[in-house]
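J.: Each residue of the sequence shown is one higher than the one before, starting from 0 at the first, in numbering that gives the first Met the number 0.
Here a beta-carbon is modelled for each residue, glycine too, at the ideal position from N, C-alpha and C.
Nothing here was measured: the structure is a model prediction, and the numbers come from that model.
Quick one: structure below, then a few questions.
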Amino acid sequence: MSSPERYRVLALSAAKHDYVPLAFKDHPRFQVVGVSDEPSAAGWVHECNEQLAADLGVPYQPGIDAAIARHRPHVAVVSSEAARHARLSVRAAEAGLHVVQDKPMTPTVADADTIVEAVERAGVRFLLWNRNTQPAIEEARQLVNAGEIGEPRAIHVDFFFSKDAGVLLDSDEPEEVPDNWLSEGELTVEGIYPLAYMRHILGLDALRAFGRTSAHFFRRHAERGVEDIATVSLEMERGVIGSLCIGRIGQPSHPNVGELRVHVIGSAGALVIAEPRPEVAVYTRGQTPEDPRNRRTDEETDRRQVDLLVNALDTGGDTLLTARQGRHIVATVAAALQSARTGRPCQVSRPG
């Protein structure tokens, strides 16, 4: 069967972020045809969905089966609360739709397994949204594959992002936590990014994990028993050692998006990759504390990810981050969190 000239896209929820469905807007090979969600979704979720539909200039129709019948999409973009990711992605795959899903893939390994099973049974493509198209990450992968540093021996990622999450831990200020803050830890939610870097650059999976977690900065994390900062050590395939430090460190802590850096040590050299670069520093009158001083000069990374998806859909090849690869990231995070609770290294589970 030949590929369509344009793939029709149905956005299933915009509870978490709108940047994933918006990445398909104005792409010559995609047409966003509508937004839908479960009628039982929370009121604030329906409000987010209505706003996304307005931004895209498409209808919002609660009731997923009816929306699929109406719009006949080829692709579903799932950006709901993480707890609903598996249910919506499985539903889309069972309807024969390719799936593009926001992070994290799922809160549990069991949920990730249901996505893998549904996607493979239906024979559709699955893309877990990621940051692997950042120019520095792509170049690091090319250098490693070309043997520039010999055989990889170790990899470390710092992924500290300078965003706030309400009141600081040592503050007496009252706080009203918004409904859309879902009490998820930062390793759970953001760990996909550094772990995907490791796999993309080296092409290796983690085998065993040792983790440490803490609520160091923000009260809402501490009160709910979830982490805002974590460290993870990994035993990887081929004897490679991996490690990462990840955390939400607050907006005033860094002049741009955060300290995002990758170190790769090889048998014949090493790489140090500053993920946000290329960037330009901006200093001018009238800047607010929220304005980033250092700004990326390459803002086409989402577009490149969509371009690669087109190729996967046209050829039947793999996406940039497949369901099985995403499932392994979920399992690695789960092993690290279990290790943090028990104080012992934990095996990364494999599919049954």
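Whole-angstrom Cβ separation of VAL57 and VAL31, contact assumed at under 8 Å?
T.: 6 Å
J.: Under 9 Å, do LEU186 and ALA221 count as touching if we go by C-beta distance?
T.: Result no, Cβ atoms of LEU186 and ALA221 do not sit closer than 9 Å.
J.: What residues match up with ILE228 in a beta bridge as DSSP calls it?
T.: SER213 and GLY246
J.: Have a look at LEU307, ALA145 and ALA208 and flag the residue whose alpha-carbon is nearest the alpha-carbon of THR341.
T.: ALA208
J.: To which residues of the same chain is ALA335 closer than 6 Å at the C-beta, ignoring the five residues directly before and after it?
T.: ALA208, GLY210 and VAL231, listed in sequence order.
J.: Nearest by alpha-carbon distance to VAL108: which of VAL98, ILE328, GLY257 and TYR192 is it?
T.: When only C-alpha atoms are compared, the closest one is ILE328.
J.: What first and last residue would you give for the alpha helix (DSSP H) that runs through ARG276?
T.: No alpha helix (DSSP H) contains ARG276, which DSSP labels as neither H nor E.
J.: In angstroms, rounded to a whole number, what distance separates the CA positions of LEU201 and GLU150?
T.: 10 Å
J.: Figure out for me which residue from TRP43, PHE159, PRO344 and ASP290 has the closest Cα to the Cα of PRO193.
T.: PHE159
J.: Do ALA81 and GLU183 have their C-beta atoms within less than 9 Å of each other?
T.: yes
J.: Please list the segments of the alpha helix (DSSP H) lying wholly inside the region 99–166, counting only runs of 4 or more residues, in order along the chain.
T.: Complete alpha helix (DSSP H) runs here, min 4: 108–121 and 134–144.
J.: Is the Cβ-Cβ distance between ASP110 and VAL261 less than 9 Å?
T.: no
J.: Going by the beta-carbon positions, is the gap between VAL98 and THR113 smaller than 9 Å?
T.: no
J.: Quick one: grab the DSSP three-state call for ALA22.
T.: coil
J.: What is the DSSP secondary structure of LEU270, reduced to helix, strand or coil?
T.: strand
J.: Report yes or no: do three or more beta-carbon pairs, one from the region 232–242 and one from the region 128–147, lie closer than 8 Å?
T.: Contact fails: fewer than three Cβ-Cβ distances are below 8 Å.
J.: Between VAL8, ASP204 and ILE245, which lies nearest to PRO72 when the distance is taken from Cα to Cα?
T.: VAL8
J.: Do you know whose CA, among LEU55, TYR196, GLY165 and GLU46, lies nearest PHE23's CA?
T.: LEU55
J.: Measuring CB to CB, does ASN48 end up less than 9 Å from PRO61?
T.: yes
J.: Applying the 10 Å Cβ sphere with the 16-neighbour rule, what's the burial state of ALA66?
T.: buried
J.: Give me the Cβ distance between LEU126 and THR314, rounded to the nearest whole Å; I'm assuming they're in contact under 8 Å.
T.: Actually they are not in contact, since the Cβ atoms of LEU126 and THR314 sit about 14 Å apart, beyond 8 Å.
J.: So, using beta-carbon positions, are GLY257 and LYS162 closer together than 9 Å?
T.: yes
J.: Looking at GLN346 and ALA206, is the spacing between their C-beta atoms short of 9 Å?
T.: Sequence check: residue 206 is Leu here, not Ala. It is a contact, given that the beta carbons lie within the stated cut-off.
J.: Go ahead and label VAL281 buried or exposed: buried means 16 or more other beta carbons lie within 10 angstroms of its beta carbon, across all protein chains shown.
T.: exposed
J.: Throw me the rounded Cβ distance for the PRO300 and GLN133 pair, which I believe falls under 8 Å.
T.: Reading off the sequence shown, one finds Thr at residue 300, where the question assumed Pro. Cβ atoms of THR300 and GLN133 come within 8 Å of each other, at about 5 Å.
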